[in-house]
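**Q**
Number of protein chains: 2
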Amino acid sequence: MSAEHRSGCPINLSLEVFGDRWSLIILRDMIFGGRRHFRELLNGSLEGIASNILADRLKRLMELGLLTKADDPSHKQKAIYSLTEMAITLVPIMAQLGAWGRVWLPVTEELSIRAELLEKGGPPLWDQFMDELRHEHLGAPPKTPPGTPTVRQQLRAAYEEVVARKAEATVD
Amino acid sequence: MSAEHRSGCPINLSLEVFGDRWSLIILRDMIFGGRRHFRELLNGSLEGIASNILADRLKRLMELGLLTKADDPSHKQKAIYSLTEMAITLVPIMAQLGAWGRVWLPVTEELSIRAELLEKGGPPLWDQFMDELRHEHLGAPPKTPPGTPTVRQQLRAAYEEVVARKAEATVD
DNA sequence: CATTCCGCTTGCATTTTGCAATTGGTTGCA
DNA sequence: TGCAACCAATTGCAAAATGCAAGCGGAATG
Chain Y
1 MSAEHRSGCP INLSLEVFGD RWSLIILRDM IFGGRRHFRE LLNGSLEGIA SNILADRLKR
61 LMELGLLTKA DDPSHKQKAI YSLTEMAITL VPIMAQLGAW GRVWLPVTEE LSIRAELLEK
121 GGPPLWDQFM DELRHEHLGA PPKTPPGTPT VRQQLRAAYE EVVARKAEAT VD
Chain E
173 MSAEHRSGCP INLSLEVFGD RWSLIILRDM IFGGRRHFRE LLNGSLEGIA SNILADRLKR
233 LMELGLLTKA DDPSHKQKAI YSLTEMAITL VPIMAQLGAW GRVWLPVTEE LSIRAELLEK
293 GGPPLWDQFM DELRHEHLGA PPKTPPGTPT VRQQLRAAYE EVVARKAEAT VD
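These protein sequence lines map, in sequence, to chains Y and E. Numbered by the working numbering, the letters in the first sequence go through residues 1 to 172 in order. Numbered by the working numbering, the letters in the second sequence go through residues 173 to 344 in order.
1) Return the residue from the list Y/E168, Y/V91, Y/R156, Y/Y159 that minimises the CA-CA distance to Y/R134.
2) What residue range does the alpha helix (DSSP H) around E/K241 cover?
3) To the nearest angstrom, how far is it from the Cα of E/E188 to the Cα of E/H177?
4) Quick check: the Cα distance between E/C181 and Y/S23, rounded to an integer number of angstroms?
5) What did DSSP end up calling Y/A79 once you bin it into helix, strand or coil?
6) Cα separation between E/P314 and Y/E160?
7) Given that a residue counts as buried once 16 or more other Cβ atoms are within 10 Å of its Cβ, and exposed if not, what is Y/V163?
8) Strictly under 9 Å for the Cβ-Cβ distance: is Y/P124 near chain E by that measure?
9) Using Cβ-Cβ distances below 9 Å, what residues of the region 177 to 201 of chain E are close to chain Y?
10) By the three-class DSSP mapping on this structure, what secondary structure does Y/A140 have?
11) Checking contacts by CB at 9 Å: is E/R208 closer than that to chain Y?
12) For Y/I93, return the contacting residues in chain E, with the cut-off set at a CB-CB distance below 8 Å.
13) Going by beta carbon distance, what residues of the same chain come within less than 7 Å of E/I327, once the five residues before and after it are set aside?
14) Which of the three DSSP states is assigned to Y/D29 in this structure?
15) Between the C-alpha atoms of E/M173 and E/P321, what's the straight-line distance to the nearest angstrom?
16) Can you give me the C-alpha to C-alpha distance between Y/M94 and Y/V171, rounded to a whole angstrom?
17) Drop a sphere of 10 angstroms on the beta-carbon of Y/D71, count the other beta-carbons inside from all chains shown, and report buried for 16 or more, exposed for fewer.
18) For the 8 Å Cβ check, are there 3 or more pairs between the region 212 to 221 of chain E and the region 269 to 279 of chain E?
19) At least one CB of chain E closer than 9 Å to the CB of Y/M86: is that the case?
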C-alpha cells in the first residue's frame with residue numbers, strides 16, 4: 001500500500017474516498033437526481049454545498065476515477081460531468097445507506113420514498129438502474145426494451161405522488 | 173427535520189452520522205475485531221487513531237445511539253462498550269463497502285479476504301453474523317446450534333490462512 | 001449592449017483534526 | 001508497602017479542512 005493510505009483494509013480505503021460530508025452527496029445528486037452540470041449540483045443540492053467545496057470535490061472525484069468531465073457541445077462554458085463505472089457500482093452502497101437511514105434516522109417521508117422503493121426492488125432493481133446509468137453516462141447500449149419506464153422515472157413518480165398526497169392532506 | 177440536520181434525505185442523514193474518517197473505523201473494529209475497550213480500540217487500530225479523537229467519537233456514537241458503555245466488573249477502571257441494534261444493522265453496509273473497496277481500491281490480500289468471504293456469504297451470512305453480535309452485545313439467545321463455528325471465527329481463520337501462506341511464500 | 005449565466009477562485013473566519021504530553025486514579029507484582 | 005504498568009481519557013497547540021460571501025473573465029441571451 002502506498003504511504004498515502006492508512007491501511008490496505010477495504011473498508012478503510014472506502015472511507016478514505018467517502019469519509020467526508022460532501023462526496024457522496026454529490027454522487028447521490030448525479031445518480032438519483034440526474035445532475036450533470038456544476039450549477040445544477042450547486043443550486044439543486046438540498047443541503048446547500050458551497051461553490052468552493054463543490055469545485056474541490058469534483059476535482060478530487062475526478063482524480064480518484066469516479067467522475068469524468070467533458071465540454072458541453074451546446075454551450076462553450078458548460079462542462080458535463082459523467083459517472084464512471086467505479087461510481088455507478090456505488091448504487092448498492094447508496095441503497096443500503098438509504099435503507100439504514102430510513103430505519104434509524106429522522107427522515108422525511110417524501111425524501112425516503114425513493115430509498116424504500118430501492119430497498120424493495122433489491123439487487124434486480126439496482127442492476128437495472130446501473131444499466132441505465134451506464135447507458136446515460138458511458139454510452140453503453142440500453143438493456144431494457146424501449147418504452148419501459150426507467151428506474152429514475154419510477155423513483156421520481158413515487159416522490160411526486162407523496163408530495164401530491166401531502167399537499168392534498170394539508171388542504172383538507 | 174430538526175435544525176441540526178441539513179435535510180431529511182436518508183443518505184444525507186446517514187452521512188451526517190458516518191461522514192468522517194473515524195466513526196466507521198471504530199465500529200468496524202468492534203464488529204469484526206471484537207474490541208470492547210478503549211485501549212483495544214486505541215492500540216489495535218491499524219490506522220492509528222489518536223486518543224482524543226477516539227474519546228470524542230465514542231462519546232458521539234453513544235449520543236447517537238450506536239454504542240452503550242458499561243463498567244467492566246472485573247476491573248474498576250475499564251469500560252466495556254457495546255453495540256446497539258442500530259450499530260449491528262450496519263453489517264450490510266460494511267459488507268457492501270468492503271466489496272466495493274475490494275474491487276476498486278488498492279487493498280491488501282490479507283485485509284480483504286474477510287470482505288471477500290462476507291460478500292460471497294451474502295445476506296444469509298450477514299444475518300448469522302448479526303445474530304452472533306446480538307448474542308455478544310445485547311445478550312440475546314444464540315440462534316445457531318452450539319459448536320457451529322462463528323462467522324468471526326471463520327473470518328479470522330481465513331485471514332490467518334492468507335497470512336501463513338504469504339509467510340511461506342516469502343521463505344521459498 | 002446590458003444582463004444573466006458559466007465554472008470556478010479568492011480572502012478570511014471558524015471549526016475540526018492530529019500529535020504529544022499529561023492527568024488522576026487502579027491494578028499487579030515484589 | 002512501594003512502585004511500575006496500565007486505565008480512560010484530557011490538555012495545549014499547530015495544522016488542515018470547512019464555510020461563507022464576494023468576485024473573476026468570458027460566453028450566451030434578450
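The beta carbon of each residue, even a glycine, is placed where N, CA and C say it ideally should be.
**A** In this structure, then:
1) Y/V91
2) Per DSSP, E/K241 belongs to no alpha helix (DSSP H); it is in the beta strand (DSSP E), 239 to 243.
3) 8 Å
4) 15 Å
5) strand
6) 44 Å
7) exposed
8) no
9) H177, R178, S179, G180, C181, P182, I183, N184, L185, S186, L187, E188, V189, F190, G191, D192, R193, W194, S195, L196, I197, R200
10) coil
11) no
12) I265, Q268, L269, W272
13) One point to set straight first is that residue 327 of chain E is Leu, not Ile, in the sequence displayed. Taken in chain order, the residues that qualify are F204, R286, L289.
14) helix
15) Its pLDDT being 44, under 50, E/M173 is placed unreliably in this model, and the coordinates cannot settle the point.
16) 34 Å
17) exposed
18) no
19) yes
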